[in-house]
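Structure record follows, encoded as structure tokens.
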Amino acid sequence: MRVRVLSVVLGLAGVLMPGSHVIGQQATAPAAAISPERADEYVEAAVRRLDYLPGEVLIKFKDGVAPDREQRALDAVRSRPSVDNLEWIGEVAILRDASQPDATVLADQLRSQPEVVYAEPNYLRHHFSTPNDPGYAARQWNLQAIDMPRAWDINPGGSPSTIVAVVDTGITTFTGNMTFATWNGTAIQNVSIPFATNPDLSSSRLVLPFDFVTNMGSTVLDTDGHGTHVSSTIGEDTNNGLLDAGIAYNARIMPVKVCMSYWDVQFSFSAGGGRGFVPSESGGCPVIAIGQGIRYAADNGAKVINLSLGGTSPSITEQDAITYAISKGVFVAIAAGNEKLNGNPVEYPAAYAPSLAGVMAVGATNRSGNRAYYSSTGNYVEIAAPGGDSQDSDQFGSGFVWQSTIRPSVSDPDQVVIPRFDLYAEVGISGTSMAAPHVAGLAALLYSQGIKTPASIEQAIKKTAKFMGAPSASDATRSDEFGFGLIQPRTALFGMGIKK
Amino acid sequence: MRLFVCLAFTAAALTVALPCAAAGPWTPARRPGPVFHAYAAVDLDIFNASQTFDAVVGSSHLPAYGGGVDVTDIWKHLFIRVAVTHLSKKGGRVFVDSGQVFPLGIPLTLTMTPIEIGGGWRFAGKRPSRFAPYAGGAALIVPYKETSAFGDAADNVSQSFTGAAVFAGVEASVTRSITVGGEAQFRAIPNALGTAGASQAYNETDLGGVTARVTIGVKLGR
């Protein structure tokens, strides 16, 4: 069973931000990294183009199963692993079996055991960023397209009491240098890498950050830029004369890192003595980390979660975590997928959305108001929002979604050997990864406006959407391209009177 | 329920009026020609769209103020009426989902000014009495406005609806020219609501309901 990437970022254009900020460097902090063995798993996944971490299986045993019965189930695996060697994440156990890298085989063997509720590979969710030329244009057409200025008249940026968790590649919470081992082209070298927080996302608005993939704990470093871009759409500082605007610019943002970037893998690989560059596709978001991140966000006060990631294999671990979040009163926005031209497979976790009230799968529209050419379609697409489109753009990248994030010219592995992550710029990217945070931002505004349950937030967004596309054969109130339509934040926030 | 209230109010008024009429020693002099009865009215409007009004303005029982003129004894005990009342209530916009109401903190002002044009019959006894029960019907023209903060012309409502009312009540003469009275109305203003907003969420389409009215007036012309 193979998983393909969900979130393909179709273009990226970086421009040098006038007066780009280099935050003053502080005390050098020690580098932290995942274990070399773990780094090797990511590298092997990239080399073999696997959509899971090799040799890793997530197991949920039935309630009340004693350790001896768990051991009996594990004995079904050829290597007969010991129950004492399982790593437990809540109710889910991680089995690592180096002797059988094909995790689908391990999962199949374990799934048939009577003590096991489910067993599945630790799937990797992905999103990619591809640089594009810098340029000028009316950058934030996306916010005009959904009439945000009039929505802000009603609710200017939401409330600091509303927390939006960005479960993604992280948002940097640290300013200063950290030393990492990396490959400089000829040798492994310990390099002091500068980091800085986003100058257009006040540090005071970042709450309870946590890293579930690189053992950094409450210090989160975005070494990719995707998570920062997504968080900027949700709530980049606004009306401060700097860079761009975000939708819920008063809401607080919870950076939850669940995705390994290329650089995360490279640093760990080099730290373990690995020579050379890791494959450019290295990295990804293990579903076990996604599940942990979602539960963490729900347990720590988030009211909205954004998931701009996905793959084509369902994961019970992930679905259970989303269901848990809803039960804690959290609305979840999920990118619907960018695979329309790649066979248009069903994408997960987006495909859970129709069966979960309070979860919405978000397709992407372009600057012309049509479906972005890549945006996946199907009966699980519930809503649409601007996501940008390279085929509906110009040489300046005006059709992309522009937000502040790490400057690609100093961090993109295709452009530099030694990166830095302390320079920020307006960057244009397209994808359903960019559409989902528009919905997450709107959900944060609706929550602060008074709609406090995830199911009702979903209804408010659906009922006020502008219908687009051809009515679906099974449900004429929605279309497979746009779901219930393009979000209308102003209408949703304005609510209902007696007659109108 | 509202119909029951209306009928009960009317029955009570008639029950009080008729025995008094039989016992009353007061005998106003009768002169030929119509009588103009002008009055001020205080209404309590109880709307059929109760869930909608409860959600948006906090109550479906709203007071209204106004007045009217009944021209009585046009032909035998026939009278005609023109009356106007005005209702204004502040509330707030909401979102309604599966019966759950989420106030959004956006102020809304509702105003209605129902105009009644109609007539009826006074049930006078053979002997003159200070109590005069009556019943009748009227056409309703209801200018309706709903204005919200942040709303533009497309968001706000300024519209007139039409409907009908039946009413019954009793008028008591305090002096030769001063009257007090009580009246109940049943109003139907169909299809005024229900196409959008909270009324659509609750599937409530009628702007009518039951109105309980108290009047104080003067009689001129006799």
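So the protein lines, in turn, are chains A and B. In case it helps, this note's numbering puts the first sequence at residues 11 to 510. In case it helps, this note's numbering puts the second sequence at residues -7 to 214. Where is the CB? At the ideal position from N, CA and C, for every residue including glycine. Note that the coordinates shown come from a computational prediction; the quantities given were computed from them, not determined experimentally.
Measuring alpha carbon to alpha carbon, tell me which residue in B/Ser121, B/Pro125 and B/Phe45 is nearest proline 55 of chain B.
Residue mapping note: residue 55 of chain B aligns to position 63 of the second sequence, counting from 1. That would be B/Phe45, whose Cα lies nearest to the Cα of proline 55 of chain B.
Using the C-alpha atoms, what's the distance from valine 34 of chain B back to valine 162 of chain B?
Looking up residue 162 of chain B in the second sequence gives position 170. Looking up residue 34 of chain B in the second sequence gives position 42. Distance between the alpha carbons of valine 162 of chain B and valine 34 of chain B is about 15 Å.
So which residues on chain A does arginine 179 of chain B lean against when the C-beta distance must stay under 9 Å?
To locate residue 179 of chain B, count along the second sequence from 1; it is residue 187. Ordered by position in chain A, no residue passes the 9 Å Cβ test against arginine 179 of chain B, which lies about 16 Å from the chain.
In whole angstroms, what separates the C-alpha of glycine 74 of chain A from that of glutamate 80 of chain A?
Within the first sequence, numbered from 1, the residue matching residue 74 of chain A stands at position 64. Within the first sequence, numbered from 1, the residue matching residue 80 of chain A stands at position 70. Straight-line Cα distance between these residues: approximately 10 Å.
In whole angstroms, give me the CA-to-CA distance for isoleucine 109 of chain B and valine 86 of chain B.
If you number the second sequence from 1, residue 109 of chain B lands on position 117. If you number the second sequence from 1, residue 86 of chain B lands on position 94. Straight-line Cα distance between these residues: approximately 35 Å.
Return yes when the Cβ of glutamate 246 of chain A is within less than 8 Å of the Cβ of aspartate 234 of chain A, no when it is not.
Taking the first sequence and counting its residues from 1, the one referred to as residue 234 of chain A is at position 224. Taking the first sequence and counting its residues from 1, the one referred to as residue 246 of chain A is at position 236. No, Cβ-Cβ distance for aspartate 234 of chain A and glutamate 246 of chain A is not below 8 Å.
Does the beta-carbon of alanine 146 of chain B have 16 or more other beta-carbons within 10 angstroms, so that it is buried, or is it exposed?
Locating residue 146 of chain B in the second sequence gives position 154, where the first residue counts as 1. Exposed.
Using the beta-carbon of each residue, which ones in chain A are nearer than 8 Å to glutamine 92 of chain B?
For the purposes of this step, residue 92 of chain B is taken as the residue at position 100 of the second sequence. Those are Thr463 and Ser466, listed as they occur along chain A.
Inter-residue spacing [alpha-carbon to alpha-carbon] between isoleucine 170 of chain B and leucine 36 of chain B:
Locating residue 170 of chain B in the second sequence gives position 178, where the first residue counts as 1. Locating residue 36 of chain B in the second sequence gives position 44, where the first residue counts as 1. Taking the straight line joining both Cα atoms gives about 22 Å.
At which residues does the beta strand (DSSP E) containing aspartate 62 of chain B begin and terminate?
Against the second sequence, residue 62 of chain B aligns to sequence position 70. It spans 53 to 64 - the beta strand (DSSP E) in which aspartate 62 of chain B sits, taken as one unbroken run.
Can you grab the Cα-Cα spacing for the pair proline 111 of chain A / arginine 430 of chain A, in whole Å?
Along the first sequence, read from residue 1 onward, the residue named residue 111 of chain A stands at position 101. Along the first sequence, read from residue 1 onward, the residue named residue 430 of chain A stands at position 420. Roughly 34 Å separates the two Cα atoms.
Integer-rounded CB distance, given that glycine 91 of chain B should sit under 8 Å from alanine 75 of chain B
Stepping through the second sequence from its first residue, residue 75 of chain B is reached at position 83. Stepping through the second sequence from its first residue, residue 91 of chain B is reached at position 99. Contact flag wrong, Cβ pair sits at about 36 Å.
In angstroms, rounded to a whole number, what distance separates the CA positions of threonine 238 of chain A and arginine 179 of chain B?
Here the question's residue 238 of chain A lines up with position 228 in the first sequence. Here the question's residue 179 of chain B lines up with position 187 in the second sequence. Straight-line Cα distance between these residues: approximately 59 Å.
Out of A/Phe279, A/Pro447, A/Trp193 and A/Ala117, point me to the one whose CA is closest to phenylalanine 341 of chain A's CA.
Sequence index remark: in the first sequence, residue 341 of chain A carries index 331 (1-based). Among A/Phe279, A/Pro447, A/Trp193 and A/Ala117, the Cα nearest to that of phenylalanine 341 of chain A belongs to A/Pro447.
If contact means a Cβ-Cβ distance below 9 Å, which residues of the stretch 28 to 47 of chain B contact chain A?
Ala41, Thr44, Phe45 and Ala47
So within the stretch 82 to 126 of chain B, which uninterrupted beta strand (DSSP E) runs reach at least 3 residues, ignoring any that extend past its ends?
92 to 104 and 107 to 114
Collapsed DSSP secondary structure at isoleucine 497 of chain A in the structure displayed
As a position in the first sequence, residue 497 of chain A is number 487, starting the count at 1. Isoleucine 497 of chain A falls in the coil class under three-state DSSP.
CB contact below 8 Å: isoleucine 98 of chain B versus chain A:
One-based indexing of the second sequence puts residue 98 of chain B at position 106. Closer than 8 Å to some Cβ of chain A, the Cβ of isoleucine 98 of chain B qualifies, so yes.
Look up aspartate 143 of chain A in the DSSP assignment and say whether it is helix, strand or coil.
Within the first sequence, numbered from 1, the residue matching residue 143 of chain A stands at position 133. For aspartate 143 of chain A, the predicted model reports a pLDDT of 21, less than 50, meaning its position is unreliable and no value from the coordinates is stated.
When burial is assigned at 16 or more other CB atoms within 10 Å of the CB, is proline 170 of chain A buried or exposed?
Looking up residue 170 of chain A in the first sequence gives position 160. Under this definition proline 170 of chain A is an exposed residue.
Assuming alanine 157 of chain B contacts alanine 127 of chain B (C-beta within less than 8 Å), just tell me the rounded distance between them.
For this step, residue 157 of chain B is matched to residue 165 along the second sequence. For this step, residue 127 of chain B is matched to residue 135 along the second sequence. About 11 Å; that fails the 8 Å criterion.
Mind pulling the chain B residues with CB within less than 9 Å of phenylalanine 5 of chain A?
Here chain A comprises residues numbered 11 to 510, so residue 5 of chain A is not present and cannot be evaluated.
Under 8 Å: do the stretch 292 to 302 of chain A and the stretch 150 to 158 of chain A share three or more Cβ pairs, one atom per stretch?
no
What is the residue span of the beta strand (DSSP E) that phenylalanine 45 of chain B lies within?
Indexing the second sequence from 1 puts residue 45 of chain B at position 53. Taken as a continuous stretch (DSSP letters only), phenylalanine 45 of chain B belongs to no beta strand (DSSP E), being part of the alpha helix (DSSP H) at 42 to 49.
So for glutamate 101 of chain A, helix, strand or coil by DSSP?
Position 91 of the first sequence holds residue 101 of chain A. Here glutamate 101 of chain A sits in coil by DSSP.
Is there at least one Cβ from chain B nearer than 8 Å to alanine 83 of chain A's Cβ?
Looking up residue 83 of chain A in the first sequence gives position 73. Alanine 83 of chain A has a beta carbon lying at 8 Å or more from every beta carbon in chain B.
At least one CB of chain A closer than 8 Å to the CB of aspartate 198 of chain B: is that the case?
For the purposes of this step, residue 198 of chain B is taken as residue 206 along the second sequence, with counting starting at 1. No - not a single Cβ of chain A is within 8 Å of the one on aspartate 198 of chain B.
Are the beta-carbon atoms belonging to alanine 450 of chain A and valine 174 of chain A less than 8 Å from one another?
By 1-based counting over the first sequence, the position of residue 450 of chain A is 440. By 1-based counting over the first sequence, the position of residue 174 of chain A is 164. It is a contact, given that the beta carbons lie within the stated cut-off.
For glycine 167 of chain A and threonine 224 of chain A, believed in contact at Cβ under 8 Å, the rounded distance:
Counted from its first residue, the first sequence places residue 224 of chain A at position 214. Counted from its first residue, the first sequence places residue 167 of chain A at position 157. Their Cβ separation, rounded to whole angstroms, is 32 Å, which puts threonine 224 of chain A and glycine 167 of chain A out of contact at 8 Å.
What residues of chain B sit near lysine 472 of chain A, judged by a beta carbon separation below 7 Å?
Stepping through the first sequence from its first residue, residue 472 of chain A is reached at position 462. None at all; the shortest Cβ gap to chain B is about 10 Å.
Residue environment, arginine 168 of chain B, which counts as buried when at least 16 other CB atoms sit within 10 Å:
Here the question's residue 168 of chain B lines up with position 176 in the second sequence. Classification for arginine 168 of chain B: exposed.
Work out the CA separation of glycine 186 of chain A and alanine 475 of chain A for me, nearest whole Å.
The residue given as residue 475 of chain A occupies position 465 in the first sequence. The residue given as residue 186 of chain A occupies position 176 in the first sequence. When rounded, the distance between both Cα atoms is 44 Å.
Leaving out five residues on either side along the sequence, give the residues of the same chain with a beta carbon under 7 Å from the beta carbon of glutamate 138 of chain B.
For this step, residue 138 of chain B is matched to residue 146 along the second sequence. Correct list, in chain order: Leu100, Leu102, Asn148 and Val149.
Taking only beta-carbon positions, decide if glycine 189 of chain B is within less than 8 Å of chain A.
If you number the second sequence from 1, residue 189 of chain B lands on position 197. Judged by the 8 Å Cβ criterion, glycine 189 of chain B is in contact with chain A.
Report yes or no: is there a C-beta of chain B within less than 8 Å of the C-beta of lysine 515 of chain A?
Any property of residue 515 of chain A remains undetermined from this structure, which presents chain A solely from 11 to 510.
Endpoints, the beta strand (DSSP E) within which glutamate 436 of chain A is located
As a position in the first sequence, residue 436 of chain A is number 426, starting the count at 1. For glutamate 436 of chain A, the enclosing beta strand (DSSP E) starts and ends at 434 to 439.
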